[in-house]
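A.B. asks: As you go down the protein sequences, you meet chains P and L in turn.
Its first residue numbered 10, the first sequence is counted upward by one per residue in the working numbering.
Its first residue numbered 329, the second sequence is counted upward by one per residue in the working numbering.
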Amino acid sequence: MKRITLLAILLSGFAVVSNAQTSYWTISWPVSVGMGATNDYISATSFRGIGISGRSFLTDNLSIGGEGSWEVFNEIKRDLPPRSLDLGNGVYSNISGTEYRYLNTLPLFVNAHYYLGSNGSIRPFAGLGIGTVYVDQRTDIGLLSFQNNNWRFGLQPEIGVFIPFGLSPSGVNLSARYRYGTKASDADAISMFSFTIGLGIMN
Amino acid sequence: MIRITKTLILLLLAAITLNACYPGDSIPIDDLDTSSTFYKAEDFSPPPASVAIVWEVVQQKNDDANDLPYKGEVDSEILNTTLDNLVNLYGESNVIIISETATPSPTPSNSNVSVVVYDENDPEPNVDVVVSPSIILRRETVGTVYPGYPWWGGGGWWGGGWWGGGCYYCGYPPSVSIQRYDIGTVVLDMVDLRQLVNGAFNSSDVPIIWVAVNRGLISSSSSFNKERTVKGIDQSFEQSPYLN
Numbered sequence: 010m011k012r013i014t015l016l017a018i019l020l021s022g023f024a025v026v027s028n029a030q031t032s033y034w035t036i037s038w039p040v041s042v043g044m045g046a047t048n049d050y051i052s053a054t055s056f057r058g059i060g061i062s063g064r065s066f067l068t069d070n071l072s073i074g075g076e077g078s079w080e081v082f083n084e085i086k087r088d089l090p091p092r093s094l095d096l097g098n099g100v101y102s103n104i105s106g107t108e109y110r111y112l113n114t115l116p117l118f119v120n121a122h123y124y125l126g127s128n129g130s131i132r133p134f135a136g137l138g139i140g141t142v143y144v145d146q147r148t149d150i151g152l153l154s155f156q157n158n159n160w161r162f163g164l165q166p167e168i169g170v171f172i173p174f175g176l177s178p179s180g181v182n183l184s185a186r187y188r189y190g191t192k193a194s195d196a197d198a199i200s201m202f203s204f205t206i207g208l209g210i211m212n
Numbered sequence: 329m330i331r332i333t334k335t336l337i338l339l340l341l342a343a344i345t346l347n348a349c350y351p352g353d354s355i356p357i358d359d360l361d362t363s364s365t366f367y368k369a370e371d372f373s374p375p376p377a378s379v380a381i382v383w384e385v386v387q388q389k390n391d392d393a394n395d396l397p398y399k400g401e402v403d404s405e406i407l408n409t410t411l412d413n414l415v416n417l418y419g420e421s422n423v424i425i426i427s428e429t430a431t432p433s434p435t436p437s438n439s440n441v442s443v444v445v446y447d448e449n450d451p452e453p454n455v456d457v458v459v460s461p462s463i464i465l466r467r468e469t470v471g472t473v474y475p476g477y478p479w480w481g482g483g484g485w486w487g488g489g490w491w492g493g494g495c496y497y498c499g500y501p502p503s504v505s506i507q508r509y510d511i512g513t514v515v516l517d518m519v520d521l522r523q524l525v526n527g528a529f530n531s532s533d534v535p536i537i538w539v540a541v542n543r544g545l546i547s548s549s550s551s552f553n554k555e556r557t558v559k560g561i562d563q564s565f566e567q568s569p570y571l572n
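Take a look at the structure:
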């Protein structure tokens with residue numbers, strides 16, 4: 010009797026799995042704004058970026074996956090106080106001029122998400138990404154450039170929703186996420202908030 | 329549904345296409361202007377109390393086709409803006425103009441400042457420091473700009489002419505590019521005469537204790553050049569509060 014019950018449970022489990030989603034792919038456009046020291050460096054909103062993610066469902070409501078994206082911030086800053094540089098041997102320099110500031114962030118995260126709703130319906134989700142963020146920060150003053158590039162440890166909590174186009178596996182992916190990249194030896198921590206809109210395929 | 333999908337795909341393609349690591353359209357020429365100053369704090373302890381300005385903008389050039397065409401269009405702005413700032417710092421009675429002739433040209437903006445005509449037999453002015461302006465007119469100018477003037481001859485405390493010799497600032501890292509000047513750059517050098525001993529410096533290097541480099545002040549618009557020249561030189565002094 011026990012064997013029959015166990016078999017029934019397993020079969021019912023397969024039946025559930027066969028009807029559930031197995032993967033969720035998105036390609037999205039992020040609109041980002043810096044926070045904290047990142048906002049002090051560039052306060053302008055970034056409309057340049059692209060993100061791709063792929064997730065695999067472990068259960069009907071839980072997925073794990075990975076994602077990568079690229080956000081570009083830039084801003085022109087005028088009438089700033091001069092920058093002070095210690096050139097060594099007791100020599101100092103002050104440099105003033107219009108600053109062209111650029112910030113590129115390229116995160117690579119593994120992530121896990123939990124979904125509400127069921128197959129074929131609108132599916133809100135929440136998740137967390139963890140991994141590394143490559144940051145390229147450059148300031149041009151006239152023909153001088155000050156640049157640092159480095160990899161940092163990063164975290165990215167996220168909430169979002171998948172809205173299917175009727176019965177189609179494709180739909181709109183909307184999300185809001187916060188990203189933190191740790192401080193590097195010669196650069197401030199990265200802190201930013203993004204809204205994304207994109208195309209999702211859940212099947 | 330197909331229309332929404334197409335729109336989304338187009339938006340995403342646009343996002344990819346528009347991306348660039350360092351986006352930028354055409355950059356206004358004055359956005360490339362920089363004012364850089366270099367100094368050692370120990371050289372201004374104590375700061376100078378009196379100053380002379382050499383009333384000529386030395387044109388650093390090769391006298392060939394590669395020189396930037398320049399006929400002194402912003403000389404007046406360079407000299408008079410520098411003079412005004414020096415008067416503000418040290419007072420009229422502590423500033424003198426060293427001129428080749430008794431009637432300096434261009435006309436100084438401040439008629440209360442004394443004019444001393446250069447005398448090659450007595451070349452050392454009785455002041456703590458001398459400020460001398462130069463403008464870079466030749467391409468590929470590499471090295472240290474040494475102030476000095478053809479009409480000063482080869483003698484005096486200036487040493488061997490106005491180009492070459494030692495290298496007081498050659499220790500600067502390449503990122504600052506003090507050793508490589510862009511064409512059109514205006515340079516102000518402050519030479520410390522307090523280091524003179526019996527009319528000569530101990531070291532072969534002329535003790536330039538302050539350098540102001542205003543990059544790229546020459547464009548095709550004369551009035552715009554003048555405005556940017558004044559702004560750049562004013563900024564050089566404003567960011568150097570240790571000068572007095």
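Even for Gly, the Cβ is constructed at its ideal location relative to N, Cα and C.
Just so we're clear, the structure is a prediction, and the values are computed from it rather than from any experiment.
Which runs of the alpha helix (DSSP H) at least 4 residues long sit entirely within the stretch 42 to 100 of chain P? Give them in chain order.
C.D. replies: Fully enclosed alpha helix (DSSP H) runs of 4 or longer: 46 to 50.
A.B. asks: Are any of the Cβ atoms in chain L nearer than 7 Å to that of P/R107?
C.D. replies: Before going further, note that residue 107 of chain P is Thr rather than Arg in the sequence given. Closer than 7 Å to some Cβ of chain L, the Cβ of P/T107 qualifies, so yes.
A.B. asks: CB L/I511 to CB L/Q388, shorter than 7 Å?
C.D. replies: No.
A.B. asks: How about L/V379 and L/V457: are their beta carbons less than 7 Å apart?
C.D. replies: Yes, they are a contact pair.
A.B. asks: With C-beta atoms as the reference, is P/N113 less than 7 Å away from P/D145?
C.D. replies: The answer is yes: Cβ separation under 7 Å.
A.B. asks: Between L/V504 and the rest of its own chain, which residues show a CB-CB distance below 6 Å, the 5 nearest in sequence each way excluded?
C.D. replies: Low confidence applies to L/V504: its pLDDT is 30, below 50, so where it sits in the model is not reliable, and the reading given next is rough at best. Cβ neighbours of L/V504 beyond the five flanking positions: none.
A.B. asks: Do L/Q388 and the ligand NAP come close, with the Cβ less than 6 Å from some heavy atom?
C.D. replies: This structure lacks the ligand NAP, and indeed carries no ligand of any kind.
A.B. asks: Thinking C-beta only, is L/N572 closer than 7 Å to L/P375?
C.D. replies: Yes, Cβ-Cβ distance for L/P375 and L/N572 is below 7 Å.
A.B. asks: Does the CB of P/L83 have a neighbour CB from chain L at under 7 Å?
C.D. replies: Just to set this straight, residue 83 of chain P is Asn in the shown sequence, not Leu. True, the Cβ-Cβ gap to chain L drops below 7 Å.
A.B. asks: Let me know the alpha helix (DSSP H) ranges lying completely inside the stretch 366 to 423 of chain L, each 4 residues or longer, listed in chain order.
C.D. replies: Runs found: 403 to 418.
A.B. asks: Less than 7 Å between the C-beta atoms of L/I525 and L/S462, yes or no?
C.D. replies: The displayed chain sequence assigns Val, not Ile, to residue 525 of chain L. Contact flag unset, no.
A.B. asks: Quick one: which chain L residues come within Cβ less than 9 Å of P/P91?
C.D. replies: Here the neighbours are S363, S364, T365, Q563, E566, Q567.
A.B. asks: Let me see if you follow: with CB-CB separation under 7 Å, is L/R466 close to chain P or not?
C.D. replies: So, not an interface residue.
A.B. asks: At a Cβ threshold of 7 Å, is P/I104 touching chain L?
C.D. replies: So, interface residue.
A.B. asks: Please state whether DSSP places P/K11 in a helix, a strand or coil.
C.D. replies: Residue confidence for P/K11 is low, a pLDDT of 47 falling below 50, so the modelled location carries little weight and cannot support an answer.
A.B. asks: Run through chain P and tell me which residues come within less than 8 Å of L/G352, C-beta to C-beta.
C.D. replies: Going along chain P in sequence order, the residues near L/G352 (Cβ under 8 Å) are N83, Y109.
A.B. asks: Give the interface partners of L/D392 over in chain P, defined as CB-CB distance under 8 Å, in chain order.
C.D. replies: In chain order: nothing, as chain P lies at least about 24 Å away.
A.B. asks: When DSSP labels each residue in this structure, what does P/G204 get in the three-state scheme?
C.D. replies: The question names Gly, but residue 204 of chain P is Phe in the sequence shown. Looking at P/F204 - three-state DSSP - the assignment turns out to be strand.
A.B. asks: What does the Cβ neighbour count give for L/P351, buried or exposed, with the cut at 16 atoms within 10 Å?
C.D. replies: Classification of L/P351: exposed, given that the 10 Å Cβ count is below 16.
A.B. asks: What do you get for P/R87, buried or exposed, if any count of 16 or more other CB atoms within 10 angstroms of its CB means buried?
C.D. replies: By the neighbour-count rule (16 or more Cβ atoms within 10 Å), P/R87 is not buried but exposed.
A.B. asks: Evaluate P/N212 with the Cβ neighbour count: other Cβ atoms within 10 Å of its Cβ, from every protein chain shown; 16 or more gives buried, anything less gives exposed.
C.D. replies: The residue is exposed, with fewer than 16 neighbouring Cβ atoms inside 10 Å.
A.B. asks: Please go through the same chain and pick out, in chain order, the residues whose beta-carbon is closer than 6 Å to the beta-carbon of L/I537, but skip the five residues on each side of it.
C.D. replies: Correct list, in chain order: D371, M518, D520.
A.B. asks: Could you check whether the Cβ of P/G169 sits closer than 7 Å to any Cβ belonging to chain L?
C.D. replies: False, the Cβ-Cβ gap to chain L never drops below 7 Å.
A.B. asks: Determine the chain L residues that contact P/L117 at a beta-carbon separation under 9 Å, and present them in chain order.
C.D. replies: Correct list: empty, because the minimum Cβ distance to chain L is about 17 Å.
A.B. asks: How would you label L/P397, buried or exposed, when you count the other beta carbons within 10 angstroms and need 16 or more for buried?
C.D. replies: It counts as exposed.
A.B. asks: Report the residue from P/T54, P/I36, P/Y124 whose alpha carbon sits nearest the alpha carbon of P/N70.
C.D. replies: Checked all of P/T54, P/I36, P/Y124; the closest Cα to P/N70 is P/Y124.
A.B. asks: Rounded to a whole number of angstroms, what is the C-alpha to C-alpha distance between L/V423 and P/S55?
C.D. replies: Whole-angstrom Cα-Cα distance: 52 Å.
A.B. asks: Whose C-alpha, out of P/F174, P/S41, P/N103, P/D95, is nearest the C-alpha of P/W79?
C.D. replies: Of P/F174, P/S41, P/N103, P/D95, the residue nearest in Cα terms is P/S41.
A.B. asks: In this structure, does DSSP put L/R466 in helix, strand or coil?
C.D. replies: L/R466 falls in the coil class under three-state DSSP.
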